[in-house]
Amino acid sequence: NAGVMQNPRHLVRRRGQEARLRCSPVKGHSHVYWYRQLPEEGLKFMVYLQKENIIDESGMPKERFSAEFPKEGPSILRIQQVVRGDSAAYFCASSPGEGSSPLHFGNGTRLTVT
Amino acid sequence: GNSVTQMEGPVTLSEEAFLTINCTYTATGYPSLFWYVQYPGEGLQLLLKATKADDKGSNKGFEATYRKETTSFHLEKGSVQVSDSAVYFCALSEVYSSASKIIFGSGTRLSIRP
Numbered sequence: 111n112a113g114v115m116q117n118p119r120h121l122v123r124r125r126g127q128e129a130r131l132r133c134s135p136v137k138g139h140s141h142v143y144w145y146r147q148l149p150e151e152g153l154k155f156m157v158y159l160q161k162e163n164i165i166d167e168s169g170m171p172k173e174r175f176s177a178e179f180p181k182e183g184p185s186i187l188r189i190q191q192v193v194r195g196d197s198a199a200y201f202c203a204s205s206p207g208e209g210s211s212p213l214h215f216g217n218g219t220r221l222t223v224t
Numbered sequence: 030g031n032s033v034t035q036m037e038g039p040v041t042l043s044e045e046a047f048l049t050i051n052c053t054y055t056a057t058g059y060p061s062l063f064w065y066v067q068y069p070g071e072g073l074q075l076l077l078k079a080t081k082a083d084d085k086g087s088n089k090g091f092e093a094t095y096r097k098e099t100t101s102f103h104l105e106k107g108s109v110q111v112s113d114s115a116v117y118f119c120a121l122s123e124v125y126s127s128a129s130k131i132i133f134g135s136g137t138r139l140s141i142r143p
């Protein structure tokens with residue numbers, strides 16, 4: 111079984127452009143999570159989605175950020191009009207959903223805003 | 030709300046030394062507890078978990094015991110190796126309705142000297 115696949119691995123955007131980060135969960139996993147990690151810092155929860163539903167977006171900035179997990183295809187984290195402060199590693203994780211199930215993480219997308 | 034507090038790093042030890050990384054949590058109900066490890070340039074990997082009080086999780090020589098009375102889940106290893114150098118994250122799972130969300134501590138960087 112393939113693990114969580116994230117692409118691109120590295121993404122460079124100029125200020126004001128849009129960034130689209132993709133995540134394909136482990137086959138059979140219906141729960142997807144996005145986390146942001148700043149250099150030398152821990153993981154900050156952003157959003158938790160199930161197929162076609164946002165369950166918890168309490169960690170997502172109110173403006174410029176959006177996430178979706180459509181019925182078909184990968185989950186997408188979209189950042190509009192990027193700013194330098196958006197530079198970070200963005201990790202996607204998936205799980206089958208039970209409370210004691212661990213998360214399976216992708217290797218992350220490292221976004222650099224120039 | 031629920032939270033995880035772990036010992037600040039960096040922690041630097043000599044090879045074969047004894048390791049303890051402290052972790053305490055605040056939670057309502059009975060969360061599951063986890064330790065994840067992150068090697069450079071990679072996503073997080075599950076190291077071990079415990080799902081109820083007095084459970085001991087163990088893997089690769091690492092151990093942690095779920096202590097409800099002290100709300101702790103300290104990570105220990107009797108003899109560390111250079112290959113254990115990584116960032117370690119303590120985490121708990123919140124469970125609400127049929128969904129769950131995992132909350133991470135801030136991470137502890139461990140460096141092992143040969």
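For the record, the sequence lines run as chains A and B.
Just so you know, we're using the numbering used here here: the first sequence kicks off at 111 and counts up by one.
Just so you know, we're using the numbering used here here: the second sequence kicks off at 30 and counts up by one.
We treat Cβ as the ideally placed atom computed from N, Cα and C, and that holds for glycine.
Review point. Mind checking if A:LEU187 is an interface residue toward chain B, Cβ cutoff 7 Å exclusive?
Key: no
Point to revise | Rounded separation between A:PHE179 and A:ILE186 - CA only | key: 7 Å
**Study point:** A:ASN117: first and last residue of the uninterrupted beta strand (DSSP E) it sits in
**Key:** 115-117
Point to revise | Residues near A:PHE175 in its chain [Cβ-Cβ closer than 6 Å; skip 5 each side] | key: ILE189
**Study point:** Presumed contact (8 Å Cβ cut-off) between B:VAL33 and B:LEU121, rounded CB distance
**Key:** 6 Å
Check your understanding: When the Cα of A:PRO212 is compared with those of B:VAL124, B:THR137 and B:SER135, which residue comes out closest?
Key -> B:VAL124
Review point. Can you tell me whether A:GLN116 is buried or exposed, with buried defined as 16 or more other CB within 10 angstroms of its CB?
Key: buried
Review point. Ordered along the chain, which non-local residues of its own chain (more than five positions away) have a Cβ less than 6 Å from that of A:TYR158?
Key: TYR143, ILE165 and ASP166
Review point. Would DSSP call A:SER168 helix, strand or coil?
Key: coil
**Study point:** the stretch 198-207 of chain A contacting the stretch 51-61 of chain B, beta-carbon criterion three pairs below 8 Å
**Key:** no
Review point. According to the Cβ coordinates, are B:LYS78 and B:PHE63 closer than 7 Å?
Key: yes
Point to revise | Contact set for B:ILE50: own chain, Cβ-Cβ below 6 Å, skip 5 residues either direction | key: MET36, LEU104, TYR117 and THR137
Check your understanding: Could you give the residue range of the beta strand (DSSP E) that holds A:MET156?
Key -> 153-160
**Study point:** For B:ASN31, the first and last residue of its enclosing beta strand (DSSP E)
**Key:** Looking at the DSSP string, B:ASN31 is not in any beta strand (DSSP E), and its letter there is neither H nor E.
Practice item. Would you kindly work out how many angstroms separate the C-alpha atoms of A:ARG132 and B:VAL109, rounded to a whole number? Key: 36 Å
Check your understanding: Is the CB of B:PHE170 under 7 Å away from at least one CB in chain A?
Key -> What is shown of chain B runs 30 to 143, which leaves residue 170 of chain B out entirely.
Review point. Under 7 Å between C-beta atoms, does B:GLY72 make it to chain A?
Key: yes
Review point. Hey, is B:GLN110 close to the ligand FMN, as in C-beta under 6 Å from one of its heavy atoms?
Key: For the ligand FMN, the structure offers nothing, since it holds no ligand at all.
Review point. At a CB-CB cut-off below 8 Å, which residues of chain A make contact with B:GLY134?
Key: GLY152
Point to revise | Length of the line joining the Cα atoms of A:ARG119 and B:GLY70 | key: 10 Å
**Study point:** chain B residues whose Cβ lies nearer than 7 Å to that of A:ASP166
**Key:** LYS130
Point to revise | As assigned by DSSP and simplified to three states, the class of B:SER112 | key: helix
Check your understanding: What does DSSP give as the partner residues of A:LEU121 in its beta bridges?
Key -> A:LEU221
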